[in-house]
Amino acid sequence: MAELEKFRQESRRWLEENCPASKRGPSADREETWGGRNAAFKNPDTKLWLERMVARGWTSPTWPKEYGGGGLSEAEAKVLREEMRRAQCLPALMSFGISMLGPVLFEFGSEEQRREHLPKIARGEIRWCQGYSEPGAGSDLAGLQMRVEVDGDDYIVNGQKIWTSYADKSDWIFCLVRTDPEASKHDGISFLLIDMASPGVSTAPIKLISGTSPFCQTFFENVRVPRKNLVGQENAGWTIAKRLLQHERAMISEMGLGLTGRPRSLENLARTYLDSPEGSLSDPILRDRLVQQMMDEESYRLTLRRSAEEAKAGQGPGAASSMFKYYGTELNKRNYEFLVSLLGTQAFGWEGEGFSSEELAITREWLRSKGNSIEGGTSEIQLNIIAKRVLGLPD
Amino acid sequence: MALVLSEEQELLQQTAREFIREHSPVTKFRALRDAQDPIGFSRDLWREMAELGWAGIVFPEEYGGGGLGYAELGLLLEECGRSLVAEPFLSTVLLGGNAVLLAGNETQCKDVLPAVCAGERILALALQETSRHDPYRVALRAESSGDGYRLSGEKVFVLDGHVADQLVVVARTSGQSGERDGITLFLVDCDVKGVSVTRTLMVDSRNAARIRLEGVEIERSAVLGEVDRGSAVLDSVLDRATVGLCAEMLGGIQEAFDRTLRYLKERKQFGVAIGSFQALKHRSAIMFSEIELTRSVVMDALRALDEDRADVSRLASMAKARCADTYFLVGNEAVQMYGGIGVTDEEEIGFFLKRARVAQMTLGDAAYQRDRYARLRGF
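So the protein sequences, as listed, match chains A and B.
Going by the working numbering, the final residue of the first sequence carries number 395, and the count climbs one at a time with no gaps.
Going by the working numbering, the final residue of the second sequence carries number 379, and the count climbs one at a time with no gaps.
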């Protein structure tokens, strides 16, 4: 306990000295970085913050140091998260490599693959994206059709992925591909790592109702991929795919905590927009909804904590990740619906004059949040998983 | 404190579960109801529970208690909720007992608490005067009279009021109904002149009474705590009782859900278990998620009491609001999913629906708690 407290004090001091002022506190510049070969930084502090965290291995705090991590225990990593939240430090690096691929490589990858990929992920040098969904394989993910043929030491890949987050900005993609078209649909799938710079890979962004384009279509035309980029056994990719989805859900669940770029609390916003700087809020209905949101958010946070305390060290997220994915995303949607009600017509600005940047961001996030309960497995799919895996209800 | 059970707590939970399964299954609750039992619970069973140390579990050892915490009492109450145990934890331990513990002087504590811990004395808190929980809405007057007070007024929904040996009466010594100041607590024997008690038969078959006090003369020594300043103690008592009630509700919620889940796996229609239908699966999974959140909040609120955290009132309101909403959801869904059998008196699931609704309103419903939460946060 004393050790942990010492670590807390050290971390606090280190963050104080090393996190640039523009990357923390309520008025921090919100620029995020995802790293990668094409990373660009408007604010030099964003780059500096990343470099300092990388040097300490704290972009992936619990990974062993030999793979570019910080070598921290779970307890220390929790302390670090708490201290970063306390100092309101922005994340130094956003990364699907850290949250999704890394844990899967530790569990299923070869030592060669770990040494090749993990340090580059931890240092933010290579940015990864996820090639799962296809036009004909959404909720029915195992129905995917991307074809792979063996040609000597290589695979030749043909097909199309969709809803690939940030494919146009990524360096590598982890893909589910069909290696055995004759097998039953879950048994012919493999997990393959592909360099996006390979000839025959192209991307096309998809514009969303929020006006942004975080997703792409990704096309593969006779793309040559070394067979050593296969993770695990051929045709045994579905197990890896499902495990990665658990990590993905755990990541998306965090959204329910309102961590996505909302510097002001709901309560604070309510005071502003209901013109009640002090005392009781003027609108009883919105006041009641505000309390419901606050309670649900705190209950959710407590449940995440309880789940973490229950899980024995070293266990990956289990079926509970479906519950968190379901509840966290629905909660985030309700949060933004509440904010739109709160802002009134100020919630309906699209761009330009007449609206604060905060208001414009809320409008876009409200629309973006509609995808939360679809991406990474719809709420309905999560409820199916809970019913089957947790409640044991029959097929 | 972590939101997980220690080994000792798991053992206590197991002991409680086995004891209640053996001595107080739901069939026993039904028998009490069908017989219109004059007491409404079993005094013998209550004494046995007291012998196990349950009645005094949170009270100090010097008064015969167990000196344990709310995390432990919560486990007992959760098991009670699972089996609809009607014994007087809420009235005697959480409400009356805590009022004496927090407000009483040494003489009062020594007189009352050991008897409570031994299961020999039943207490009731006479607070509510209208059809809703509104703790400062107290019109029952206590006027100075000679060396003591004269109490006049009427109380409703006094839990276990018709079997109580003593009442903790919340009275107004100054100011107007609705004001926080001017409230005083009195410890009143039920057999004194001018106290008339009428049992009210409730939908959940639990005990409640209307109590009329007509010029009841009591001595100054019957005052619990400070004159005109009773609200502070009352608030703490209500926080503790609310969190305790939440633990009971959590047990009822979990039991109603577990029973429903079993039924969904057994009951066949169209040649298959009805639990295979997606319409029921999704609603079950939604209930599961809500219950998980509710459990976390109740566990945290119990621990907040043990740690004497500054925001315990806010957490109590949050726990009660969630329990009220979740029990409402699960109680109603359970009956619907049971289908026709769910609305028969023969099937036990209906008892949980009834308890859900009464417990929801007891000590303030979800709307009351959310309003209180907002006031505590200053908005």
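Think of the CB as a built atom: it goes at the ideal place given N, C-alpha and C, for glycine as much as any other residue.
Original post:
Closer than 8 Å, CB to CB, is B/Y338 near chain A or not?
Top reply: no
**OP:** Identify the contact partners of A/V390 in chain B, using a Cβ-Cβ distance below 7 Å as the criterion.
**Re:** F288
Original post:
For A/M295 and chain B, any beta-carbon pair shorter than 8 Å?
Top reply: Yes, A/M295 lies at the interface with chain B (some Cβ there is under 8 Å from its Cβ).
Subject >> Range covered by the alpha helix (DSSP H) that runs through A/T363 >> reply: 357-369
**OP:** Examine the ligand ZN and report whether any of its heavy atoms sits within less than 7 Å of the Cβ of A/V291.
**Re:** Of the ligands one can find in the structure shown there are none, so the ligand ZN has no counterpart to examine.
Subject >> Within-8 Å CB hit, B/R206 to chain A >> reply: no
Original post:
Given that a residue counts as buried once 16 or more other Cβ atoms are within 10 Å of its Cβ, and exposed if not, what is B/L382?
Top reply: Here chain B has residues from 1 to 379 only, and residue 382 of chain B is not among them.
**OP:** Please list the residues of the stretch 188-209 of chain A that have a C-beta atom closer than 7 Å to any C-beta atom in chain B, keeping them in chain order.
**Re:** none
Original post:
According to the Cβ coordinates, are A/H186 and A/W128 closer than 8 Å?
Top reply: no
Original post:
Identify the residues that DSSP records as bridge partners of B/E143: which are they?
Top reply: B/R150
Subject >> B/R259 versus B/H23: straight-line alpha-carbon distance, rounded >> reply: C-alpha of B/R259 to C-alpha of B/H23: approximately 20 Å in a straight line.
Original post:
So A/K161 packs on A/T218, CB below 8 Å; how close in whole Å?
Top reply: 4 Å
Original post:
So A/P284 is in the beta strand (DSSP E); what residue range does that whole segment cover?
Top reply: Looking at the DSSP string, A/P284 is not in any beta strand (DSSP E); the run it does join, the alpha helix (DSSP H), is 284-310.
**OP:** Compare the C-alpha of A/I374 against each of A/Q113, A/L141, A/G71 and name the closest.
**Re:** A/L141
Original post:
So, B/F41 versus B/P88, is the Cβ gap smaller than 8 Å?
Top reply: yes
Original post:
Do B/E179 and B/G194 have their C-beta atoms within less than 8 Å of each other?
Top reply: Not closer than 8 Å, so no.
Subject >> B/I183 and B/L101 closer than 8 Å at C-beta >> reply: no
Original post:
For the candidate residues A/P103, A/L391, A/L360, whose alpha-carbon lies nearest to that of A/F348?
Top reply: The candidate whose alpha carbon is nearest that of A/F348 is A/L360.
**OP:** Could you check how far apart the C-beta atoms of A/F106 and A/R114 are, in whole angstroms? I think they sit under 8 Å.
**Re:** 7 Å
Original post:
Comparing the C-beta of A/T33 with each C-beta of chain B, is any distance below 8 Å?
Top reply: no
**OP:** Drop a sphere of 10 angstroms on the beta-carbon of B/A367, count the other beta-carbons inside from all chains shown, and report buried for 16 or more, exposed for fewer.
**Re:** exposed
**OP:** Reducing DSSP to helix, strand and coil, say where B/R375 ends up.
**Re:** helix
Subject >> Range covered by the alpha helix (DSSP H) that runs through A/R334 >> reply: 320-343
Original post:
Does the beta carbon of A/G314 come closer than 8 Å to any beta carbon on chain B?
Top reply: Its pLDDT being 45, under 50, A/G314 is placed unreliably by the model, and the measurement read from it follows with that caveat. With 8 Å as the cut-off, A/G314 does not count as an interface residue toward chain B.
**OP:** Residues of the stretch 242-275 of chain B with a CB closer than 8 Å to any CB of chain A: list them in chain order, please.
**Re:** L261, L264, K265, V272, A273, G275
Original post:
Is B/D306 close to chain A, meaning its C-beta is less than 8 Å from at least one C-beta of that chain?
Top reply: Judged by the 8 Å Cβ criterion, B/D306 is not in contact with chain A.
Subject >> Inter-residue spacing [alpha-carbon to alpha-carbon] between B/K281 and B/E333 >> reply: 12 Å
**OP:** Identify whether B/S317 lies in helix, strand or coil by the three-state DSSP scheme.
**Re:** helix
Original post:
Closer than 8 Å, Cβ to any Cβ of chain B: which residues of the stretch 82-116 of chain A, in chain order?
Top reply: Per Cβ criterion, the list is empty.
**OP:** Could you confirm whether any beta carbon from chain B is found closer than 8 Å to the beta carbon of A/E380?
**Re:** yes
Original post:
Buried or exposed: A/F355, going by 16 or more other Cβ atoms within 10 Å of its Cβ?
Top reply: buried
Original post:
Does the stretch 177-193 of chain A come close enough to the stretch 220-239 of chain A that 3 or more CB-CB pairs lie under 8 Å?
Top reply: yes
**OP:** Would you tell me roughly how many angstroms separate the C-alpha atoms of B/I274 and A/S322, rounded to the nearest one?
**Re:** 23 Å
**OP:** Have a look at A/S139 and A/E358 and give me their C-alpha separation to the nearest angstrom.
**Re:** When only Cα atoms are considered, A/S139 and A/E358 end up about 34 Å apart.
Original post:
In the stretch 362-379 of chain B, which residues sit with their C-beta less than 8 Å from some C-beta in chain A, listed in chain order?
Top reply: A367, R370, D371, Y373, A374, R375, R377, G378, F379
Subject >> Where A/V291 meets chain B, residues with beta-carbon distance less than 7 Å >> reply: R370, Y373, A374
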